[in-house]
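Written out below as structure tokens is the structure these notes cover.
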Amino acid sequence: MKQFRHKDIIALRDLTKEEIELLLETAESMREINSRDIKKVPTLRGRTIINLFYEASTRTRTSFEIAGKRLSADTVNITTSSSSTTKGETLSDTALNLLAMKPDIIVMRHSVSGSHYFLSKKMPNCSVINAGDGTHEHPSQGLLDMLTMKDRFGRLDGLKVAIVGDITHSRVARSNIQGLTKMGSQVFVAGPPTMVPPGVEKLGNVIACATMKEAIQDADVVMMLRIQQERQGKTLMPNAREYARYYGLNPVNLKMAKPDAMVMHPGPINRGVEMSSYVVDGDQSHILKQVENGVAVRMSMLYHVCSGEIE
Amino acid sequence: MGADSTVIMDGAGVRRALTRIAHEIIERNKGITKIALVGIRTGGVYIAREIATRLHDIEGERLPVGEVDITLYRDDFKGHSLHLPVGKTDIPFSVEGKIVVLVDDVLFTGRTIRAALDAIMDHGRPAAIQLAVLVDRGHRELPIRADFVGRNVPTSLKENIAVLFDSEGLPTEVILGK
Amino acid sequence: MSLLIKGGRVIDPSQNIDAVLDVLVENGKVKEIGKGLSAPAGCKELDAAGKCVVPGLIDMHVHLRDPGLEYKEDIISGTRAAAAGGFTSVCCMPNTKPAIDNKAIASYIINKAKAEGFCNVFPVGTITQGMSGDRMAEMGELKEAGCVAVSDDGKPVCSPELMRRSLQYAAGIGIMVISHAEELSLVGEGVMNEGFTSTEIGLKGIPRVAEDIATAREILLAEYTGAPVHIAHVSTLGSVRIIREAKARGVKVTCETAPHYFTLTDDAVRGYNTNAKMNPPLREAADVAAIKQGLKDGTIDCIATDHAPHHLDEKDVEFDAAMNGIIGLETSLPLSLKLVDEGVLTLPELVEKMACNPAKILSLGRGSLASGAVADITIFDPAAQWTVEADKLQSKSKNSPFLGWQLKGKAVATVVSGKIVEI
């Protein structure tokens, strides 16, 4: 029988293929709950989940909150506008204070890569789930993306997935690359050379393409990443206009992918930059399905770190 | 099964018991118009399908069989070490106003039934829930009793009961192991 | 007051000595080196059989954190750590609070070290006032006060014009400029080496070219002005190549590397280990190989530790928030001795890199056991096995990536001006 034996879920890099499969299978089971009139099961009754967000995020925080509530956990949200590194209490002290309130799970988003490992070491009896850390990973997004692909194709093995955009600064890209390549998909990445990190091909079955065309040619999935001017700074590209011209997805270049290719985006979308509205709202777009699957995947994650031993 | 196990019901015995349960369900409910079957994964689902087949043979109406996985409703989660997969719950009909016959293969402490009752209630408000089991081995820990029982088998706590199924999900025999 | 060190393997590259000999010290000076020397009346004897006896080791790149940051280290604890590691002299960097940019601070350090220190301390003054990178510090007075070099270590001098003038001005006074070679615009928000590891663990990278370009700039400025320059903590393949080429065409450039740059790669950062965070960052295998080659062929003149103590609170934080730097005084000798085991350096070459060359570059009047020289002597057991344990380190701070490592080689006696240091 498949078992999940991790206290935390911080990176898909840390999980085996079997563990990822189990998380996805459980997510599929969780989806049934979300379709009921009474969208609640008593599984995590009496458990306390703290959503600790050091970066603003409506979508991910809401999704984790709903996931926790549907499993009957008590969820509390702490949103800190500033990063702990710049002012106020240290993450270490915050951790110790929260620990004193005996939470069962802390779901954290933090701007520093790897900070969840630091948090986890401070709280041996509390599970830590990563809702995004710096430019490292965003495992719940990776899992929900994989679940959405699995829904569409019934498999992940052998899929050709193109990821286009700022690979270097994308935690979504890292989690997808780690997860998908473990599941047997082939990942093609493309972006301006200023946004493709060194050694990306050594992360798994990954091919770095010189052009967007090469990446999306005959792809089963085209995943576009969000361009964030504030994250990319001034030096990585001339402007959004030129970016859209060479790395934006539109109905014309989408034709190079397989006819039934699915289009994905982790959101929020800059319409007209990463993707034209025709593609965002088109038949091939699975963007809202991604959001829907987000709740089920996060329920699965909460369940697997928190569900305990059977007597 | 170890050397100390004995067959307490063979294939024919199981089939006869299921046929009798089907007749009892019809008689008790004066037909099957309001009946819905829900099996507890996984053994209960196989038994429920067998009962559905018999109800169809007798009454000429094919009833859908719902499946319920009780993992999320268990009352025995503790600590942080073992992490069970969650099976799919699939109840493809409204339970509202129905007489739901909940089906399991073995009735033991009653805790699984309690969990399944909660799960069904979360899908709506049935008119009634009745319980059908192939084997009742005793040792209840909750005030639960079956409405339809294939066979009562007094056991000790050290013994265990296993209902075996073939690859198509047909029950083949019931075994008592020590 | 005399001391006879008997039967050790005496290695003094300044006199081409490498033999089992006795060393007689009188009145704080080396009196004689020879076979079967007899001890004068009242002379203390030290049996050094099986040990190496070398000119006192000099670490030309140390942060003593005193004044101002004594919660990390101070002159007493830092020099005690130095003596425990076999160093008889350290050069302390000026990024204290306030910085060593005036005579008063330099004098404070020298006086405190003389009164309470466990080894010699030679302060390094700043290049610019307050290390602001804006105006030159009073280098003349700094030298008068006892500073042996100037450096804005921890920061580069960003303006090429100011660096050019500083090199010229310092050359006129006769004080060495030590450059922290780093192009900050290329570093950006980077916190570790840019490469596959940074890609995988998602930390922002510092490209090697950030160091190379700055090294090249300093060399071009030194070449243009004819003034000497010393490049601190060389960590990249590119810098080694650029320095090698510059030396070949006669540029007055010298340089140092640190033990971690020939011992570790950026793999040590995995697990977000803040004790593997320093500036310049740990690089990759090709760089480690180039550093070793540079040591072997003489491109790299010195091994210095860049001993950078930080309080636990400054390291027990998220990776990006952690301070740069590691302590090194007590692990430098054994890590460097590994180069001898690996055949990169001979023992005499190692002694040159850790004693003779730093003394020569900074005109410290040390690094030799010639008759009449100051009796700064390090005696170490090259075979002693030991484990690095935080609570046995003398430094106030314990930020070392080598905690738990099994090392070979340990100082058994550190002799400063003829006296065995009691730690």
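Chains as they are written, first to last, in the numbering used here: chain A, 3 to 313; chain B, 1088 to 1265; chain C, 1228 to 1650. Beta carbons: idealized from backbone N, C-alpha and C, even for Gly. Small disclaimer: the values here were computed from a predicted structure and weren't measured.
C-beta contact flag for residue i and residue j at 8 Å
i	j	result
I1554 (chain C)	S1462 (chain C)	no
R243 (chain A)	P270 (chain A)	no
V198 (chain A)	I165 (chain A)	no
V1571 (chain C)	L1522 (chain C)	yes
V1261 (chain B)	V1250 (chain B)	yes
I1400 (chain C)	M1366 (chain C)	yes
A1178 (chain B)	D1191 (chain B)	According to the sequence shown, residue 1178 (chain B) is Ile rather than Ala. No.
R300 (chain A)	A69 (chain A)	yes
L1296 (chain C)	G1305 (chain C)	no
S1406 (chain C)	A1459 (chain C)	yes
A1441 (chain C)	A1408 (chain C)	yes
G1645 (chain C)	L1230 (chain C)	yes
L1124 (chain B)	I1138 (chain B)	yes
P1561 (chain C)	G1636 (chain C)	yes
S74 (chain A)	K41 (chain A)	no
R1141 (chain B)	V1152 (chain B)	no
Identity of the residue in the options nearest residue i by Cα
i	options	result
Y245 (chain A)	A:D76, A:F6, A:E276 and A:I40	A:E276
Y1298 (chain C)	C:I1285, C:R1510, C:T1323 and C:Q1612	C:T1323
V163 (chain A)	A:T170, A:T150 and A:E57	A:T150
E1388 (chain C)	C:L1574, C:A1617, C:R1444 and C:T1426	C:R1444
V1247 (chain C)	C:G1636, C:V1615 and C:I1606	C:I1606
G1373 (chain C)	C:V1648, C:S1590, C:D1494 and C:S1622	C:S1590
A1597 (chain C)	C:G1269, C:G1283, C:S1334 and C:P1267	C:G1283
D1540 (chain C)	C:N1502, C:I1336 and C:A1531	C:N1502
P1294 (chain C)	C:V1375, C:I1337 and C:R1236	C:I1337
V1515 (chain C)	C:T1452, C:V1496, C:A1485 and C:A1266	C:A1485
K1370 (chain C)	C:I1327, C:M1390, C:D1493 and C:K1339	C:I1327
A1215 (chain B)	B:I1231, B:V1188, B:P1230 and B:H1226	B:V1188
K1519 (chain C)	C:P1507, C:K1542, C:T1490 and C:E1545	C:T1490
Which residues DSSP lists as bridging residue i, in chain order
i	result
T77 (chain A)	A:I51
A1246 (chain C)	C:V1237
N36 (chain A)	For N36 (chain A), which the question treats as bridged, DSSP gives no partner whatsoever.
P1282 (chain C)	C:I1604
S287 (chain A)	A:V265
I1518 (chain C)	In DSSP, I1518 (chain C) forms no bridge with anything.
E1259 (chain C)	C:L1251
E1483 (chain C)	C:C1529
R1238 (chain B)	B:V1222
F190 (chain A)	A:A164 and A:I209
G1432 (chain C)	C:M1419
I1216 (chain B)	B:V1187
Own chain partners of residue i with C-beta closer than 6 Å, once the 5 adjacent residues on each side are dropped
i	result
V293 (chain A)	none
G1223 (chain B)	Per the sequence presented here, residue 1223 (chain B) reads as Asp, with Gly not at that position. The answer, listed in chain order, is L1194, A1233, V1236 and N1239.
D10 (chain A)	S122, S129 and V130
T1526 (chain C)	V1467, I1470 and R1471
A259 (chain A)	I218, A221 and V224
K1265 (chain B)	D1091 and E1246
G1174 (chain B)	R1128 and D1156
Residues near residue i by beta carbon distance below 7 Å, same chain, minus five either side
i	result
M148 (chain A)	L26, L158, G181, L182 and M185
H1193 (chain C)	Only positions 1228 to 1650 of chain C appear in this structure, which leaves residue 1193 (chain C) out of reach.
S85 (chain A)	Summary for S85 (chain A): the model assigns pLDDT 48, below 50, so the residue's position carries little reliability; its value from the coordinates is reported in the next sentence. Cβ within range, chain order: Y56 and S113.
A1206 (chain B)	V1155, I1157, Y1160 and T1176
H1167 (chain B)	With a pLDDT of only 43 at H1167 (chain B), under the threshold of 50, the placement of this residue in the model should not be trusted; the figure read from the coordinates follows. So the list is empty, once near-sequence residues are dropped.
Neighbourhood of residue i by C-beta distance below 8 Å, restricted to the same chain and skipping five residues each side
i	result
Y280 (chain A)	N252 and P253
Q5 (chain A)	L24
T1242 (chain B)	R1224, G1225, H1226, I1248 and L1263
V1478 (chain C)	I1446, A1449 and E1450
Residue-level contact to chain D via CB, residue i, 8 Å cutoff
i	result
V1544 (chain C)	The chain inventory of the structure shown lacks chain D, comprising the protein chains A, B and C.
Practice item. Could you name the residues of the segment 1173-1189 of chain B whose beta carbon sits closer than 9 Å to any beta carbon of chain A, in the order they occur along the chain? Key: V1173, G1174, K1175, T1176, D1177 and I1178
Review point. Listed in chain order, which residues of the segment 223-249 of chain A have Cβ atoms closer than 8 Å to some Cβ of chain B?
Key: Answer in chain order: no residues at all.
Practice item. Would you list, in chain order, the members of the segment 1425-1448 of chain C that have their beta-carbon closer than 8 Å to a beta-carbon of chain A? Key: S1425, T1426, E1427, I1428, G1429, L1430, K1431 and G1432
Point to revise | Cβ-based contacts, 8 Å cut-off: residues of the segment 196-210 of chain A near chain C | key: P199, P200, G201, V202, K204 and L205
Review point. When you check each C-beta in the segment 1191-1219 of chain B against every C-beta of chain A, which residues fall closer than 8 Å?
Key: D1205, A1206, D1209, H1210 and G1211
Review point. Using a beta-carbon distance cut-off of less than 7 Å, what residues from the segment 118-137 of chain A approach chain C?
Key: Under the 7 Å Cβ criterion, the segment 118-137 of chain A contributes Y119, F120, G136 and T137.
Review point. Mind listing which residues of the segment 1243-1255 of chain B have their C-beta closer than 7 Å to chain A's C-betas, in chain order?
Key: Listed by position, the residues of the segment 1243-1255 of chain B near chain A (Cβ gap below 7 Å) amount to none.
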